[in-house]
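Since the structure comes first, as structure tokens, the remarks are kept for the end.
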Amino acid sequence: MKVLPVLVAVAAVAGGAQLFRAGSGESIAGETAPSSTYRLTANGDEAACAVRRGAEVSGGLTLLTVGPNCRKLLPGIERAKFWREEADGTVAFSANGIDPIVTFSVADGDGYESYAPVTPLLALNHD
8 MKVLPVLVAV AAVAGGAQLF RAGSGESIAG ETAPSSTYRL TANGDEAACA
58 VRRGAEVSGG LTLLTVGPNC RKLLPGIERA KFWREEADGT VAFSANGIDP
108 IVTFSVADGD GYESYAPVTP LLALNHD
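Position one of the sequence shown corresponds to residue 8 (the working numbering), numbered consecutively onward.
This is the structure:
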């Protein structure tokens, strides 16, 4: 009968170990970065909409939610479902995770500025 308490203890330790990665004390839930909300503006503050970066899908690729009124800034951007961040800091929005609809470079300060397509000039800043 002493085997049952030992098995329960082993199962508890094994389950607890899965909550932490490699002894770092960081929980598995911490692997998914919290969502970030951004303000997308066109041509200086003429028009704006909300963009939300979601959970990571794979290295550098995260889910993206584009506000319904973003179409007014750049027709077609409403199809974007993915945010891809490259090693050089550039960010691209795409419908399929590969082909960019719009591409941003790191701007002076906190945020990004679009460079493709050339017009309209879009700014992406934390909300």
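All C-beta atoms, glycine included, are put in the ideal place defined by N, C-alpha and C.
All of these numbers come straight from a predicted model, not from anything done at the bench.
- Residue nearest to Glu63 within the set Gly96, Arg86, Val125, Gly104 is Gly104 (criterion: CA-CA distance).
- Only residues of its own chain outside the window of five on either side were considered, and among them Arg91, Ala99, Phe100, Ser101, Ala123 have a CB closer than 8 angstroms to the CB of Pro107, listed in chain order.
- By alpha-carbon distance to Phe89, the top candidate from Lys79, Val109, Arg78, Asn76 is Val109.
- Counting C-beta atoms within 10 angstroms of its own C-beta, Ser65 has fewer than 16 neighbours from the protein chains shown and is therefore classed as exposed.
- Spatial neighbours of Gly67 in its own chain (CB-CB distance under 7 angstroms, excluding positions within 5 residues in sequence) are listed in chain order as Arg91, Glu92, Glu93.
- In this structure Arg86 is exposed. Its beta-carbon is surrounded by fewer than 16 other beta-carbon atoms within 10 angstroms.
- Taking a C-beta distance under 8 angstroms as the contact criterion, Leu80 and Ala114 do not qualify as a contact pair.
- For the options Ala54, Arg46, Asp95, Phe111, the alpha carbon positioned closest to that of Val73 is the one of Arg46.
- Ser121 counts as buried, since at least 16 other C-beta atoms from the protein chains shown sit within 10 angstroms of its C-beta.
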